[in-house]
Amino acid sequence: MSAKGKKSVGILYDRIRWEEKEISRQFEMRGIAPVMIDAKTLILTLDESRYTSLPETVLERCVSYYRGVNVASVFESHGVEVVNSSRVLGICGNKLETSQLLAKSGVPTPKTVVAFSAESAMQAIEAIGFPCVMKPIVGSWGRQVVPVRDRETAEAFIEMRDQSGDSMQSIYYIQEMIKRPPRDIRCIAVGSEVVASVYRYSPTDAWKTNVALGGRTEPCKLTPELEDILLKTIKVVGEGVLGIDVMERSANSNDYVVHEVNGTVEFKGAQGATERSIAGRIAEYLLDTERERIPRIRSNNLP
Amino acid sequence: MKILDDAVVGEIVSCPDCGADYEIASLDNGTVTVKVAESVKEDWGE
Numbered sequence: 005m006s007a008k009g010k011k012s013v014g015i016l017y018d019r020i021r022w023e024e025k026e027i028s029r030q031f032e033m034r035g036i037a038p039v040m041i042d043a044k045t046l047i048l049t050l051d052e053s054r055y056t057s058l059p060e061t062v063l064e065r066c067v068s069y070y071r072g073v074n075v076a077s078v079f080e081s082h083g084v085e086v087v088n089s090s091r092v093l094g095i096c097g098n099k100l101e102t103s104q105l106l107a108k109s110g111v112p113t114p115k116t117v118v119a120f121s122a123e124s125a126m127q128a129i130e131a132i133g134f135p136c137v138m139k140p141i142v143g144s145w146g147r148q149v150v151p152v153r154d155r156e157t158a159e160a161f162i163e164m165r166d167q168s169g170d171s172m173q174s175i176y177y178i179q180e181m182i183k184r185p186p187r188d189i190r191c192i193a194v195g196s197e198v199v200a201s202v203y204r205y206s207p208t209d210a211w212k213t214n215v216a217l218g219g220r221t222e223p224c225k226l227t228p229e230l231e232d233i234l235l236k237t238i239k240v241v242g243e244g245v246l247g248i249d250v251m252e253r254s255a256n257s258n259d260y261v262v263h264e265v266n267g268t269v270e271f272k273g274a275q276g277a278t279e280r281s282i283a284g285r286i287a288e289y290l291l292d293t294e295r296e297r298i299p300r301i302r303s304n305n306l307p
Numbered sequence: 004m005k006i007l008d009d010a011v012v013g014e015i016v017s018c019p020d021c022g023a024d025y026e027i028a029s030l031d032n033g034t035v036t037v038k039v040a041e042s043v044k045e046d047w048g049e
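Right under this line is the structure:
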């Protein structure tokens, strides 16, 4: 606690977007000036005595996944509560790890195979069947997420990735293509509560629904079936501030699959279709002195 | 470049002529200092 009995909080960032400004504003509305921590300027040693001035709780908001998860890990080792924790960030930042946990825990998720060479990638694609989707295991905003509709396309993408020289590109993460309506559902969870759910519609003639790519949002009713799958996902991944992406196997069917969980969620688009302040709820969650502290379980698979 | 009144350090502004992105480095009594923003990396996102 700070001298005035209020929790000290910080926002870890590497670039300020609408979300970071809005969360900061919500803290200020509650009488707290968050410490803004630019991750790009940090020089961290392992000498704990140097970090006595860090806030008690830090909200991790880095655009760079590797930067965010590694700073979170160091902060945690010095006793700072980081939301999301490095463990949660590690799970969300690696699609393969997310898929494994969801599948093992019985949360409906697209059928996924993974291969580790160009030769086995084609066999993996054939095992899933056409059409399918190829994704990088790290990355976001829909980048390098490609629909693979036939063998020729598959060969072209595999060759391109094989020749990139990037070892991460040699991990071929392939999913069944869900024949969904032209939308998916972005849900925002704070703690153990779902605070927003919105449809994200693909831009005209586009396949991806990412708001970063021009998708639009509309309110989505939180049905009991949707809420149930989201609460199971939170339990599997761990509490914090999550962006859970869900697809419907057909429109209004209540037959859902979770295909992605984002650990540093952008919510400007979702806020446009939601009455309640998402940033306000995040600020309340961090300031809540009654809630159980996020366990400081360090990720054992940091990149 | 146009800097909005509620701009803060760390925010990205774009040059309307060349399209380059700049990060606001400091805001001191109406004087704004910018630096070239980092370019998008493979691990960037949500």
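Protein chains in written order, with the working numbering: chain X, 5 to 307; chain L, 4 to 49. A virtual CB, placed ideally from N, CA and C, is assigned to each residue, including glycine. The structure displayed is predicted, hence computed values, not measured ones.
Residue contact check for L:G13 against chain X: a CB pair falls below 8 Å. Per DSSP, reduced to three states, the secondary structure at X:S174 is helical. The Cβ atoms of X:V262 and X:T113 lie closer than 8 Å to each other. If you draw a straight line from the Cα of X:D188 to the Cα of X:T213, it is about 7 Å long. Under DSSP, X:P151 shares a beta bridge with X:V137. Chain-order list of chain L residues neighbouring X:M181: empty, with the shortest C-beta distance near 21 Å, by a criterion of under 8 Å. The beta carbon of X:K139 does not come within 8 Å of any beta carbon belonging to chain L, so the residue lies off that interface.
At a beta-carbon threshold of 7 Å, none of the residues of chain X lie near L:D8; the nearest stands roughly 12 Å away.
The beta-carbon distance between X:E80 and X:K11, rounded to whole angstroms, is 17 Å. This is too long to meet the 8 Å contact definition. In this structure, the straight-line span from the alpha carbon of X:I175 to that of X:A131 is close to 16 Å. Counting C-beta pairs closer than 8 Å gives three or more between the segment 223-236 of chain X and the segment 184-201 of chain X, which meets the contact rule. Listed in chain order, the non-local C-beta contacts of X:I238 below 7 Å within the same chain comprise A193, S196, L246, local neighbours out to five positions each way being set aside.
Within the segment 30-45 of chain L, the residues whose Cβ lies closer than 9 Å to any Cβ of chain X are, in chain order, A40, E41, V43, K44, E45.
Selection X:Y17, X:R65, X:K44, X:D42 evaluated against X:G244 yields X:R65 as nearest (Cα-Cα).
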